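So the sequence shown is numbered by this note's numbering: it starts at 2 and just counts up by one. The structure under discussion appears below in the form of structure tokens.
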Amino acid sequence: MSVAAIIVAAGRGTRAGGGEPKQWRPLAGQRMIDRTLAAFEAVEAVARIVAVLPEGDMARLTPRGRITTAAGGASRAASVRNGLVALHGTGTGKVLVHDVARPCVTPALIGRVIAALDRHAAAAPALPVTDALWQGEGGRVTELRPRAGLYRAQTPQGFDHAAILAAHAAHDGEAADDVEVALAAGLEVAILDGDEDNIKITHAADFARAEKILRGRMDIRTGSGYDVHRFGEGDRVMLCGVAIPHARGLQGHSDADVGMHALTDAIYGALARGDIGRHFPPSEARWKGAESHVFLRHAAALAAADGFAIGNMDVTLICEEPKIGPHAGTMRRALARITGVAEERISVKATTCEGLGFAGRGEGIAAQAVVTLVRS
Ligand code: MG
2 MSVAAIIVAA
12 GRGTRAGGGE
22 PKQWRPLAGQ
32 RMIDRTLAAF
42 EAVEAVARIV
52 AVLPEGDMAR
62 LTPRGRITTA
72 AGGASRAASV
82 RNGLVALHGT
92 GTGKVLVHDV
102 ARPCVTPALI
112 GRVIAALDRH
122 AAAAPALPVT
132 DALWQGEGGR
142 VTELRPRAGL
152 YRAQTPQGFD
162 HAAILAAHAA
172 HDGEAADDVE
182 VALAAGLEVA
192 ILDGDEDNIK
202 ITHAADFARA
212 EKILRGRMDI
222 RTGSGYDVHR
232 FGEGDRVMLC
242 GVAIPHARGL
252 QGHSDADVGM
262 HALTDAIYGA
272 LARGDIGRHF
282 PPSEARWKGA
292 ESHVFLRHAA
302 ALAAADGFAI
312 GNMDVTLICE
322 EPKIGPHAGT
332 MRRALARITG
342 VAEERISVKA
352 TTCEGLGFAG
362 RGEGIAAQAV
372 VTLVRS
């Protein structure tokens with residue numbers, strides 16, 4: 002039995018300002034809904050993610066990978082029910098229900114809720130109330146309320162799928178959350194430690210708070226790469242994925258694409274995962290004459306598997322000849338195709354050595370590269 006998540010995003014609330022429902026508004030460079038979905042995508046145990054959207058907004062989220070969509074209902078409870086029904090027949094054993102308005106949820110908290118469902122039919126994170134609680138009227142405190150045993154509820158709330166489906170089927174009308182529905186059905190709900198950063202975005206000021214939390218978590222890495230190949234016999238050089246006719250070729254175990262090797266090493270460097278030689282040992286015959294896009298694709302895939310996007314790539318080719326300028330555009334397009342990085346984030350430039358050193362004497366070509374990886 003697998004784990005599924007329902008992201009409740011069918012609200013049309015505009016209390017948070019901005020004129021449109023908050024799930025579509027940008028938050029630290031992405032839409033709030035994409036931030037929330039990414040937290041669940043980062044948890045391997047979550048096999049399916051159902052985003053429940055306003056009926057008129059279905060086209061605003063394209064199903065991808067583990068993510069599917071379902072149309073919301075007239076109330077939050079009805080939307081959750083639609084999500085639960087969408088999971089029917091998928092072999093889902095545990096289901097997490099999460100509000101899209103909590104985009105700062107961490108994969109760690111999601112994992113804790115999933116783990117708790119091994120021991121409980123229902124479990125949800127919450128934080129004990131630590132502030133004094135007042136009853137007030139007309140701007141004055143009328144009474145103090147006891148706070149002992151009170152909690153502030155969070156999501157994701159986790160349930161045995163069959164149990165919460167039955168609880169929702171038996172529940173009439175609105176509910177503040179799914180724990181309310183579970184309790185009404187007689188389910189026992191375990192309280193897990195919540196997370197102070199797992200805030201619910203309700204008012205306009207909450208966006209700024211969430212941005213601060215998310216940006217504080219952003220992981221930015223820089224890597225550098227350097228490579229040299231010597232000239233030998235040949236009638237072309239391979240540079241950044243483009244074959245350029247030339248009076249000589251570059252020598253090497255692979256196709257000797259010095260630019261792509263520097264870029265590949267820069268990605269490995271940013272990940273602190275060694276270099277090309279470690280991943281593709283020249284001692285292995287199978288890499289003889291290999292096309293270098295194999296190496297660059299491998300490094301880009303390693304970055305993606307670690308949750309990193311390539312922010313930008315910048316490579317400098319160091320040679321007297323051939324002239325790079327006329328080919329730089331083609332090279333950028335080739336690198337964009339290979340890595341999936343947008344062309345405007347890829348720079349290819351060149352310099353000569355004023356006749357100095359090995360590159361200046363035309364004995365070979367050097368390349369240096371810098372790459373930035375971003376995980377947010
Ligand atoms: Mg090399």
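Glycine included, C-beta positions come from ideal geometry on N, C-alpha and C. Given the structure is predicted, the values throughout are model-derived calculations rather than measurements.
The three-state reading of DSSP puts residue 127 in strand, counting E and B together. For residue 95, the secondary structure class from DSSP, reduced to helix, strand or coil, is strand.
Around the beta-carbon of residue 149, fewer than 16 other beta-carbon atoms lie within 10 Å, marking it exposed.
A residue is called buried when at least 16 other Cβ atoms come within 10 angstroms of its Cβ; residue 357 does not meet this threshold and is exposed. Note that the C-beta distance between residue 77 and residue 176 is below 9 angstroms. DSSP assignment within the region 274-334 yields the following whole beta strand (DSSP E) runs of 3 residues or more, N-terminal first: 310-319.
Judged by DSSP in its simplified three-state form, residue 86 adopts helix.
Looking at the backbone, the Cα of residue 233 and that of residue 376 are separated by about 41 angstroms.
Here residue 377 carries a coil assignment [DSSP, helix/strand/coil]. When the alpha-carbon of residue 167 is set against those of 65, 198 and 85, the nearest one is in 85. The beta carbon of residue 88 lies closer than 7 angstroms to those of 5, 49, 51, 96 and 162 in the same chain, with the five residues before and after it left out. If the five residues before and after residue 269 are omitted, its C-beta is found closer than 6 angstroms to the C-beta atoms of 275, 276 and 300, all from its own chain and listed in chain order. An exposed status is given to residue 142, since fewer than 16 other beta-carbon atoms sit within 10 Å of its beta-carbon.
In this chain, residue 23 is not harboured by any beta strand (DSSP E), its DSSP state being neither H nor E.
At the C-beta level, residue 194 and residue 224 stay beyond 9 angstroms of one another. Excluding its 5 nearest sequence neighbours in each direction, residue 243 has C-beta neighbours in its own chain below 7 angstroms: 328, 331, 332 and 335, listed in chain order.
The alpha-carbon separation between residue 91 and residue 291 amounts to approximately 43 angstroms.
Burial state of residue 256 is buried, judged by a 10 Å Cβ sphere holding 16 or more other Cβ atoms. Scanning 360, 313, 245 and 122 for the CA closest to the CA of residue 341 turns up 313. Of all C-beta pairs linking the region 206-226 to the region 363-377, three or more are shorter than 8 angstroms, placing the two stretches in contact. With at least 16 other beta carbons inside 10 angstroms of its own, residue 73 counts as buried. Scanning its chain for C-beta atoms nearer than 8 angstroms, with the 5 sequence neighbours on each side dropped, one finds around residue 114 the residues 97, 124, 125, 126, 157, 158, 159 and 193, in chain order.
Counted as a single uninterrupted DSSP element, the alpha helix (DSSP H) harbouring residue 108 occupies residues 108-117. Checking the 8 angstroms criterion, the Cβ of residue 277 is within range of a heavy atom belonging to the ligand MG.
DSSP places residue 144 outside any alpha helix (DSSP H); the residue lies instead in the beta strand (DSSP E), whose first and last residues are 141-146.
Between residue 30 and residue 216, the alpha-carbon positions lie close to 10 angstroms from each other. Of all C-beta pairs linking the region 308-325 to the region 359-373, three or more are shorter than 8 angstroms, placing the two stretches in contact. Using a cutoff of 8 angstroms, the CB of residue 262 counts as near the ligand MG, since one of the ligand's heavy atoms is closer than that.
For residue 230, DSSP records a beta bridge to 366. The beta carbon of residue 310 sits closer than 6 angstroms to the beta carbons of 375 from its chain, once the five residues preceding and following it are set aside; these are given in chain order. Scanning its chain for C-beta atoms nearer than 7 angstroms, with the 5 sequence neighbours on each side dropped, one finds around residue 339 the residues 242, 294, 297 and 298, in chain order. The beta carbon of residue 134 sits closer than 8 angstroms to those of 145, 146, 147, 148 and 151, all from its chain and outside the five residues before and after it, given in chain order.
In the DSSP secondary-structure assignment, residue 54 is bridged to 72. When 75, 213, 239 and 129 are compared, the shortest CA-CA separation from residue 9 is found for 75.
The closest heavy atom of the ligand MG lies 8 angstroms or more from the beta carbon of residue 84. For residue 352, the enclosing beta strand (DSSP E) covers residues 347-352.
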